[in-house]
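Enquirer:
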């Protein structure tokens, strides 16, 4: 049914591009809908209903409790190998003088393998300076 609705929406939007027939160009979804600038301005700062609102510690603890362990919507959800590969940021390790690739590691693996703290590792990656005659980089040099 949504396919048919989308079919007719596409026809109407192609014939009347300037006429606002529907809030959303996608059938059955708000995908593609954009608020007007006036609305966004009216919902920022002091005009936002949540502005300057304080919550009791009891409420905050309840919110935390409701999202920990089994109550967390991601609890028990296994990530696929493909998803993990997308999330993993590789670090390429080179010998400083020869620029030969020693290997590529995840951040945790690299930290353990070369006995270096994560903060220190990040510092040497950003600055591009060698640490114990090894160059760490997020970019593959060759």
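In full-length UniProt numbering, the protein residues as written are 1 to 142.
Don't be surprised by glycine CBs; every beta carbon is placed ideally from N, CA and C.
The structure presented is a predicted model; accordingly, all values stated were derived computationally and were not measured.
1) Tell me residue 93's beta-bridge partners as DSSP assigns them.
2) Specify the secondary structure class of residue 124 as computed by DSSP and reduced to three states.
3) Quick one, which of 97, 119 and 107 has its alpha-carbon nearest residue 132's?
4) Mind checking who residue 131 pairs with in its DSSP beta bridge?
5) Leaving out the 5 sequence neighbours to the left and right, which residues in its chain are closer than 6 Å to residue 104 when beta-carbon positions are compared?
6) So residue 13 is in the alpha helix (DSSP H); what residue range does that whole segment cover?
7) Are the stretch 114-133 and the stretch 79-90 touching, with three or more C-beta to C-beta distances below 8 Å?
8) With distances taken Cα to Cα, identify the nearest neighbour of residue 99 among 27, 106, 26 and 130.
9) Any idea what DSSP makes of residue 63, helix, strand or coil?
Expert: Taking the definition as stated:
1) 103 and 136
2) helix
3) 97
4) 134
5) 90 and 92
6) 2-15
7) no
8) 130
9) helix
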